[in-house]
Amino acid sequence: MRNVLFVASECAPFIKTGGLADVIGSLPQTLNENERVDVQVILPLYDEISDEWKDQMDFYTSIHVPLGWRNQEARLYTLRYNHITYYFISNDYYFSRKGVYGYYDDGERFIFFSQAVIEALNHLKRKPHILHAHDWQAGMVVALAKIIQPIKDLKTVFTIHNLKYQGVMPIETFNDFFQLPAEHIAGMEWNGMLNCLKSALFHADTITTVSPSYAEEIKDPYYGEGLHPILIERAGDLVGVLNGIDVKEYNPLIDPALSVKYRTSRARKTENKLILQERLSLPINGERPLYIMITRLDEQKGLHLVQHILEDFLQEDIQFIILGTGNEEFEAYFADLGHRYPEKVVSLLTFDENLARQLYASADFLIMPSKFEPCGLAQLIALQYKTVPIVRETGGLKDTVQPFNEITNEGNGFSFPHYNAHDLLAVLRYSLTIYRNSDHWASLIKNVNKSQFSWKKSAQEYAKLYDGLVMEYA
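Everything in the sequence shown is counted per full-length UniProt numbering, starting at 1 for the first residue and increasing by one.
Following this line, the structure appears as structure tokens:
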């Protein structure tokens with residue numbers, strides 16, 4: 001049995017700000033169905049975690065955590081949920097705050113978390129054979145596991161969910177946060193700064209990313225966020241494992257957020273569209289194609305492309321709904337668009353999980369023209385709800401959406417290769433042409449209905465990866 005410890009900064013259903021939480025919430029469940037793997041998870045105990053969960057936690061032990069010349073105390077709590085053992089590291093100074101990220105001392109907070117994980121390892125009910133850390137917030141755990149060696153022969157895996165965020169601090173903080181010989185600075189430093197993500201890339205036994213295409217892209221300067229040299233150097237240890245989704249959680253047949261539940265029925269899906277149109281004061285017409293975006297309003301998501309061409313596309317007989325918050329520039333743009341095209345555009349500048357599911361269930365198309373996308377979650381959910389994704393060919397979008405070919409009738413969506421607004425407009429118009437051709441549309445929907453991206457295949461790949469790291473235990 002491979003005992004694996006997942007280390008991460010968030011995990012659904014306890015605390016979530018993005019797709020990382022979905023991965024940490026779902027992947028261990030599937031891995032533990034494999035008789036060769038047993039996963040435990042360790043997280044910070046944020047103030048934001050609801051009392052509903054905190055009331056179910058049991059105090060486990062207290063640990064002393066060195067942080068440079070200081071000693072902090074952390075309390076360790078446990079919770080058993082869905083057959084997984086979760087550990088939560090509590091410290092009032094670092095984690096009893098509103099929100100999860102965005103503080104001036106985030107680097108210090110998560111270095112403390114990393115040190116606390118190292119101190120906790122020998123207290124866990126099952127000592128891990130493999131430590132699997134996720135994103136920069138857990139990056140220093142990998143480095144410290146290799147430097148301090150708290151468990152003999154402990155192997156490490158580090159997963160990059162988004163290379164853009166690295167946890168960078170002044171190099172002088174090395175002496176503030178660690179009691180380590182200066183020789184270890186080289187493994188943690190990048191461009192004259194202490195870099196948590198680079199520290200993990202340097203020290204991990206194996207590095208993974210969340211899609212095969214992203215694993216290739218990040219070795220290129222355009223996508224490498226300044227770290228491409230070390231990723232090229234570690235290319236032999238770099239693997240892309242495509243994320244999945246929880247197909248029980250995202251299931252239109254049982255989703256309580258939906259007015260009309262369905263499996264593959266287009267008629268029942270259209271009923272959801274009619275209900276949504278009435279609710280949002282759009283003209284009620286089940287035949288009118290509905291395009292949606294459910295996204296963080298950020299440049300990464302391709303919104304500058306959308307700004308350039310959306311009004312041109314709105315000259316067609318379509319409806320468009322966007323749901324999300326973020327950059328003020330984009331919020332202002334979509335708010336104005338909604339005012340000027342009230343019969344075609346609805347801008348929902350908020351986020352509501354139930355409303356998001358209703359949009360997936362009602363829409364004909366999801367637009368996702370990302371500048372880069374390590375894996376992407378929205379396109380996978382869209383396919384689960386039998387909505388056709390329109391994506392740019394990057395990262396996980398390229399790996400999960402195959403462009404429809406009207407000659408061979410293959411493909412489960414639409415895509416365009418270059419980060420170019422006119423290419424986006426062309427593929428949007430092409431999608432409308434296919435929608436209006438009943439034969440082609442039927443073939444496309446048939447392919448969409450067959451598309452499924454559960455965690456099962458990904459979990460099998462991770463189990464094989466773990467086996468390769470540790471062939472046998474005493």
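Backbone N, C-alpha and C define an ideal beta-carbon position, used for all residues, glycine too.
- Setting aside the 5 residues that flank it on each side, residue 125 is surrounded in the same chain by 85, each with a C-beta closer than 7 Å to its C-beta; the list follows chain order.
- About 6 Å separates the CB atoms of residue 167 and residue 107; that is less than 8 Å, so the two are in contact.
- Around the beta carbon of residue 83, fewer than 16 other beta carbons lie within 10 angstroms, which makes this residue exposed.
- The three-state secondary structure of residue 77, taken from DSSP, is strand.
- CA-CA distance, residue 97 to residue 53, rounds to 17 Å.
- The beta carbons of residue 95 and residue 75 sit no closer together than 8 Å.
- Non-local beta-carbon contacts of residue 195 in its own chain, meaning distances under 6 Å to residues more than five positions away in sequence, involve 166 and 168 in chain order.
- Residue 263 sits exposed, since fewer than 16 C-beta atoms from the chains shown fall within 10 Å of its C-beta.
- In the three-state DSSP reduction, residue 314 falls in the coil class, being neither helix nor strand.
- If you look at residue 391, you'll find it in the beta strand (DSSP E) that goes 388 to 392.
- Separation of residue 376 and residue 396 (C-alpha to C-alpha, rounded to the nearest whole angstrom) is 6 Å.
- Around the Cβ of residue 123, a 10 Å sphere holds fewer than 16 other Cβ atoms; the residue is exposed.
- For the pair of segments examined, the region 245 to 262 was found not to touch the region 315 to 335: the number of CB pairs separated by less than 8 Å stays below three.
- Shortest Cα-Cα distance from residue 416 to any of 408, 409, 428 and 407 involves 428.
- Measuring C-alpha to C-alpha distances from residue 19 to each of 210, 430 and 39 identifies 210 as the nearest.
- Membership of residue 38 in the beta strand (DSSP E) is indicated by the continuous run 37 to 44.
- Under the 8 Å Cβ criterion, the region 350 to 366 does not count as touching the region 397 to 409, having fewer than three qualifying pairs.
- When DSSP states are grouped into helix, strand and coil, residue 458 belongs to the helix group.
- In this structure, the alpha-carbon of residue 278 lies about 29 Å from that of residue 329.
- A direct Cα-Cα distance of roughly 20 Å separates residue 101 from residue 67.
- According to the DSSP secondary-structure assignment, residue 193 is paired through a beta bridge with 170 and 190.
- The residues 242 and 244, in chain order, have a CB closer than 8 Å to that of residue 457 in the same chain once the five nearest residues on each side in sequence are set aside.
- The beta carbon of residue 230 is closer than 6 Å to those of 201 in its chain, skipping five residues each way along the sequence.
- The beta carbon of residue 72 sits closer than 6 Å to the beta carbons of 65 from its chain, once the five residues preceding and following it are set aside; these are given in chain order.
- Out of 93, 62 and 92, the CA that lies nearest to the CA of residue 78 is found in 62.
- Within its own chain, the residues whose Cβ lies closer than 6 Å to the Cβ of residue 305, once the five positions on either side in sequence are excluded, are 369, 421 and 424, listed in chain order.
- Annotation note: the region 329 to 379 contains the following uninterrupted alpha helix (DSSP H) runs of length 4 or greater, listed N- to C-terminal: 353 to 362.
- Here the alpha carbon of residue 296 sits roughly 26 Å from the alpha carbon of residue 316.
- If you keep only unbroken beta strand (DSSP E) runs of at least 3 residues inside the region 53 to 116, you get 58 to 67, 70 to 81 and 84 to 90.
- At the C-beta level, residue 9 and residue 110 come within 8 Å of one another.
- Pairing residue 419 with residue 121, the inter-Cα distance amounts to about 45 Å.
- According to DSSP, residue 281 shares a beta bridge with no other residue.
- With contacts defined as CB atoms closer than 8 Å, residue 300 and residue 371 qualify as a contacting pair.
- Only residues of its own chain outside the window of five on either side were considered, and among them none has a CB closer than 8 Å to the CB of residue 92.
- The beta strand (DSSP E) runs of length 3 or more contained entirely in the region 237 to 314 are, from start to end of the chain, 238 to 240 and 290 to 294.
- In this structure, the beta-carbon distance from residue 144 to residue 114 falls below 8 Å.
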